[in-house]
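Numbering (our numbering), first residue to last: 28 to 176.
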């Protein structure tokens, strides 16, 4: 176990290793995923992703803040080349260019209508909770004074 005097240098060493890992992950792994799913140059991109696939959207910030989104539909242009897609993220459907897309090689089989604006059902209250609340309410001094008045 390192001593107190060694902690700052160990911290800087670990921080350097973490930055190096992030750089390698960014440059090699995510780039190879992108190249695997798209053929051709920037002018003509043949898209291998399908609606339902889960993708990362590359942003300018750190990769930990990149959004995970699900492809809703592909939007080909007049020539049939897909340059824009509709994605679902946090209940909102937005348009994204495929240049920022990194496919994660997983897909969602959830139907679209179940993920958008689905009301959540509340679990019924347990009988023990209702019983304790009733006992507490009956023994509360505020309720007794209101009843006596």
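Ideal placement from N, C-alpha and C gives every residue a C-beta, glycine not left out.
| query | result |
| --- | --- |
| Reduced DSSP secondary structure (H/G/I, E/B, other) of residue 80 | strand |
| Chain-order list of residues whose beta-carbon lies under 7 Å from that of residue 124 (same chain, five-residue window excluded) | 110, 111 |
| Endpoints, alpha helix (DSSP H) assigned at residue 113 | Taken as a continuous stretch (DSSP letters only), residue 113 belongs to no alpha helix (DSSP H), being part of the beta strand (DSSP E) at 109-116. |
| Residue burial classification, residue 71 (beta-carbon count within 10 angstroms, cutoff 16) | Note that residue 71 scores 38 on pLDDT, short of 50, meaning its location in the model is unreliable; the coordinates nonetheless yield the value given after this. When all chains shown are included, residue 71 counts as exposed. |
| Cβ-based burial, residue 1 [other Cβ within 10 Å; buried from 16] | In the structure as shown, the chain starts at 28 and stops at 176, and residue 1 therefore has no counterpart that could be examined. |
| Residue range of the beta strand (DSSP E) that includes residue 160 | Segment 154-166 is the alpha helix (DSSP H) holding residue 160; no beta strand (DSSP E) there. |
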